[in-house]
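Below: one structure, written as structure tokens.
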Amino acid sequence: MKKFNIRKVLDGLKEQASSSASSVQSGAPENNLMQETLQSENFQLCKTVRHGFPYQPSAMAHDPVQKILAIGTQSGALRLFGRPGVECYCQHESGAAVISLQFLINEGALVSALADDSVHLWNLRQKRPAILHSLKFNRERITFVHLPFQSKWLYIGTEKGNIHIVNVESFTLSGYVIMWNKAIELSSKAHPGPVVHISDNPMDEGKLIIGYESGIVVLWDLKSKKADSRYTYDEAIHSVAWHHEGKQFICSHSDGTLTIWNIKGQGKPFQTITPHGKQPKDGKKPEPCKPILKVEYKTTRLGDPFMILSGGLSYDTVGRRPCLTVMHGKSTAVLEMDYPIVDFLTLCETPYPNDFQEPYAVVVLLEKDLVVIDLAQNGYPIFENPYPLTIHESPVTCCEYIADCPVDLIPALYSVGSRQKRQGYSKREWPISGGNWGLGTQSYPEIIITGHADGTVKFWDASAIMLQVLYKLKTAKVFEKSRNNKEDKQNTEIVDEDPFAIQIMAWCPESRILCLAGVSANVIIYRFSKQDITTEVVQLLEVRLQYEVNDVESPLDGGGGDRDPPTPGAASPSPQTAGPPTHPSTSSNSSDGVRDNVPCLKVRSTPLKQSPGYQVELVVQLVWVSGEPPQQITSLALNSAYGLIVFGNSNGLAVVDYLQKTVLLNLGTVELYGSNDPYQRQPRSPRKTRQPSGGNGLCDINECSASEDRCKSPTSVLAYNHPQFYNGGGGRGAKMSRKLSLPTELKPDLVLLSVCPPRGANPLDHRDNSFSRSRSSSVTSIDKEVREAITSFHFCETFARKGDSAVAPCLFVGTSLGTVLAVALNLPPAGEQRLLQPVIVLPSGTVARLKGSILRMSFLDNTGTFLPPSFEPWYEPNATGADGEERDKARKRRPVSVSPSTSQELQESQYAVVVSEKQAKVIALPSQNCIFKHSITETSFVLRADVVQMNIGNCVACFCANGHIMALSLPGLRPLLDVNYLPLTDMRIARTFCFTNLGQAMYLTSPTEIQRITYSQETCENLQEMLGELFTPVETPEAPNRGFFKGLFGGGATSLDREELFGETQAGKASRGLAQHIPGPQGLEGMKGAASGVVADLARARIALDERGQKLGELDERTAAMLASADSFGKHAHDMMLKCKDKKWYQF
């Protein structure tokens, strides 16, 4: 062990010395040749927008005039929703849970109360809402908040049973306090409990109803400062609601009952209802039910009132889902919900509480969903939710983000996705329709792809900071449904749950070919089609990918005597890959009963009807080997121009030709090096107990040096043996096995490798918050050191070997030990020959070595311009007739590729950019000299790295585990950006963080929400204009008409001068130590916004006009006061003149 480590250290020192020397020698001239356009001034990091369902919601409010909705969460977040596409995210600094929200209706402001007993006033008249005032209570815990319509006095109920009153304009406490001991009867010695409800009588603002948890309700007269009436019930109260006429109110209780009270009848409730209780025949009290957590009582002008409540189900309904009950007249509708109900609100036509409410919808906030029910249609259908709130429909396991994709892609995905929409929604328009869209100038199309635990893949239109689902693909349809069979589970499953979870995605936007790697060691290739087809048999390849090199048949030594020697032009079929149109019988047992050649999932054998959209082309599965399950796939890549996919894990890699449906290469990682393995790994001794599987025809020999002793060059060995790699059958790598020391999902040295790219944890590993791991590049165990996983791939047209004179198709391979290896690809001509002649795969040796695992590889031409991989344009795969001829023409065309000019006089024609966990290098090709090197981090490691294209150049973008986001110039690797943005708190962020072109990035900030950020200065500057506006000037509806007789004889709504009652003049000052006033970061200046751009200027102009109007109003008031004063003075002067008119001068 010591000898091995010393050798590694020496190799590392040599490599560093050589690379630094080459950097010094060749760096200067190269840098002079390539002018870098990107500077640090082009970079700025900021959050743009957050999408998805608010994680762990706790409170909700609605502005019926502005028609906007606010949702608060347990982490102190605020999400505001207007019309589809108008969303806003805010965060309370304390992070305490939001317990209550109250809109200042049609005022562009919102009050939030938190669990840390603080109250905040938010200004919504700017695109990014800000806190204007805060009030922190020191002695009492806040339990309920109420703000009457068109009032500036906020009622705050506390745990002690007291009620305090706050002026929302100045955010100061009034001296007026309703103490609990004055509210309840003097004879009552027990404390009534916390305040659970406060509201004023709709017809009399001077009467306040107070609900205490113990079951006591008090009608308080604000003017006389005493209780008018008290109403007592045996069961605890959860909520109270008024009838709009102010003569009755209704309470919901903990025993599942509703009590209706007349305000003048103090003894017993007018009516008691148990909506879900069984009524006994003998007239006894119904059996108690679950608590009714909330009730709302809404009246209609022409029909029966609506009584809407949550909870209250019978205790014997075990396992029943949460319900919302709508009682209308004699009908009772019980609406089942998918998740527990957090809160609900009834949307009404009028904001005035003293008018007929005319309810038309109910917004139901669930723990993981937002449902809006249409009350105006029979059957109470739900509205189709236009917000992107279904990201978490199944847990997200991986993401990809593509900016500036082909313009025809989003319409194509939308056209096939629109056919997947459910039926039965309400036909009316979405009722939350406030706000205005932004005036953004960002026009390029963006797509986000999310892979999920149930095997679904969702495509989202993410253009212009919006998010809309385009298309949903279900990969589980490809496989047989799992049966509840113990033996079957032992055969196949390598994960306890979610066997169809998507682990890695590779997508070619131009050809629309999609490749997905699943957690059950399977790869599925999909093609996009606008026509539906029925696939009789899903085509299947099975691959044995193992680690130990102990039992492999040598093509030249014994074991092959009974076979004809392979010829270069024909592929030798194998049991794993023979005959893709039919499913071979793969399950086989060795003599000791261990499972062998069994895939983890069974591909369906019945015909598969495939709708327009993505249709399965080929399934590749890794199989069990000698009783041991396959390792999960850690890396994946595809190239539509070559017709190849490649995938790798901790054992090795496999290259698959999806056009010919064959395996071209199946190699252990060690075999890529040949005799030049820098770690000098020796093969393990064979296991005598294992027998080769039936039908393989493999000999049990020690092939450790079968090829190495004959030839030093791995290239020549594999070139000689290449026919055996076409089907991945009986050649090298076909009978290698590995030893498992831990279950697959618990191996510490594979925790991050299992989802690369992006580098993250096993999506099914529920230890989400543990971020300790043992990286294979730094451990001292030989067993872990030699287990070199494949972590990165890149297809390109470049120089495979040192000193090559022309570019050719290649595959670059990156490993967990920091090695970059090249594999040459010899492709037949395009057209029919491509489908008939074999592709020859030739490993060409090591290109570079870096510290840490390889994360990303990319290529630049000799001017520093990004070289995208070649691709095949999309064609309709199911076309017939004339369309079929067009398809054939498209397939015969040469693929689109970008190659360096052959007339360049420069010695170096290309530059490879390689990024690892620790460092980045730029390597000149074909000389393979390192011309630039940069150490990204010493104490941490890079989780995600991408080579991205900005508007005026290219750069390397990195996200480190310590939370830093960095950008490096290309090709010079100069630091352009380094911001300590987000300390890594859980593996979800590492698993989902993505950079893309034009300065965009995203990650999953919670299990239900996507956070998008930008690192582009230009986008940051334009962001203010791109954001939507929540507040729009709207006229407040007219107050209801009192009518002639009500005006003549009374009975209409009576108002209250709260200013006089609660003001300092009459109520006095509040206790100093009760609450602390904290000015907001912007104070009153927050109204003026912190924005630039045309929209902000208009907003400032509007605010200035408002201020001018306010000042003019104040001036009018002062002028009127001066006029009154002048009149008074004139009157006194006139009186004095009359008094003194007849007096002589000596009489004064």
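When you number the sequence shown by the numbering used here, it's gap-free, plus one each residue, and the end is 1168.
Just so you know, even glycine gets a beta-carbon here, dropped at the ideal spot from N, CA and C.
Expected contact under 8 Å - CB spacing of Y634 and F548 to nearest Å: Confirmed, Cβ separation roughly 6 Å.
Taking contact to mean at least 3 C-beta pairs separated by less than 8 Å, is the segment 261-270 in contact with the segment 294-306? no
Just how far apart, CA to CA, sit P325 and V118? 31 Å
Please list, in chain order, all residues of the same chain as F1149 whose beta carbon is under 6 Å from its beta carbon, the five residues on each side excluded. none
How far does the beta strand (DSSP E) with C980 in it extend, from its first residue to its last? First-last of the beta strand (DSSP E) with C980: 973-980.
Buried or exposed for L738, going by 16 or more other Cβ atoms inside 10 Å? Unreliable positioning characterises L738 in this predicted model, as indicated by a pLDDT of 36, which lies under 50. The coordinate reading is nonetheless provided below. Counting Cβ neighbours within 10 Å, L738 comes out buried, since at least 16 surround it.
Which residue from S219, P401, M80, P888 puts its Cα closest to that of L385? Out of S219, P401, M80, P888, M80 has the C-alpha closest to the C-alpha of L385.
Quick one, are the C-beta atoms of P529 and P426 less than 7 Å apart? yes
Integer Cβ distance of P295 from M347, believed to fall under 8 Å: 7 Å
C-beta contact flag for T417 and A484 at 7 Å: no
How many angstroms separate the CA atom of I810 from the CA atom of S873? Distance from the CA atom of I810 to the CA atom of S873, rounded to whole angstroms, is 9 Å.
Please classify F879: is it buried, with 16 or more other beta-carbons within 10 angstroms of its beta-carbon, or exposed? buried
So which of S274, R250, I860, R341 has the shortest CA-CA distance to I257? Selected option, being the one with the closest Cα: S274.
Nearest-angstrom Cα distance between Y740 and M54? Because Y740 sits at a pLDDT of 30, beneath the cut-off of 50, its placement in the model cannot be relied upon, and the following sentence gives the value as read from the coordinates. Between Y740 and M54, the C-alpha separation is close to 41 Å.
Can you list, in chain order, the stretches of the alpha helix (DSSP H) that have 4 or more residues and sit fully within the segment 479-543? 506-512
Between the segment 674-693 and the segment 857-873, do at least 3 Cβ pairs fall closer than 8 Å? yes
Any 3 or more C-beta pairs closer than 8 Å across the segment 638-647 and the segment 560-567: yes
Suppose the cutoff is 8 Å on Cβ atoms and the five residues either side in sequence are ignored; what does the same chain contact list for L1004 look like? So the list reads F791, L963, A981, N982, G983, A1010, once near-sequence residues are dropped.
The beta strand (DSSP E) spanning E562 covers which residue range? 560-563
Assuming T319 is part of the alpha helix (DSSP H), what are its boundary residues? Secondary structure note for T319: it is in no alpha helix (DSSP H), with a DSSP letter that is neither H nor E.
Could you work out which residue in A944, T959, L945 is closest to E937 when comparing CA atoms only? For the residues A944, T959, L945, the minimum Cα distance to E937 belongs to T959.
Using a Cβ-Cβ cut-off of 6 Å (strictly less than) and excluding sequence neighbours within five positions of V942, which residues of its own chain qualify? Y931, V933, I951, F952, P991
Bridge partners of Y407, per DSSP? Beta-bridge pairing by DSSP links Y407 to no other residue.
Simplified DSSP state of R624, which is helix, strand or coil: coil
Give a yes or no on whether the C-beta atoms belonging to G1048 and W457 are separated by under 7 Å. yes
Can you name the start and end residues of the alpha helix (DSSP H) that S435 belongs to? Element bounds for S435: 429-437.
DSSP has F376 in a bridge; who is on the other side? Paired residues: none, contrary to the question.
Taking the straight line between their C-alpha atoms, what separation do you get for L141 and L344? In this model, L141 and L344 are separated by some 31 Å (Cα to Cα).
Measuring only the C-alpha atoms, how far is K156 from Q1096? 5 Å
With a threshold of 6 Å on Cβ separation, who are the neighbours of K246 within its own chain once the five nearest residues in sequence on each side are excluded? none
Measuring CB to CB, does Y181 end up less than 7 Å from V131? Looking at the sequence itself, residue 181 is Gly, so the reference to Tyr does not match. Not in contact: G181 and V131 (Cβ atoms no closer than 7 Å).
Figure out for me which residue from L167, G471, G72, K227 has the closest Cα to the Cα of I283. For I283, the closest C-alpha among the options L167, G471, G72, K227 is that of K227.
With the cut-off set at 7 Å, would you say E387 and P360 are in Cβ contact? Result yes, Cβ atoms of E387 and P360 sit closer than 7 Å.
For C271, the residue or residues it bridges with in DSSP: V260, T279
Endpoints, the alpha helix (DSSP H) within which A203 is located: 200-203
The alpha helix (DSSP H) that contains I218, what's its start and end? That residue, I218, is in no alpha helix (DSSP H); its beta strand (DSSP E) goes 215-221.
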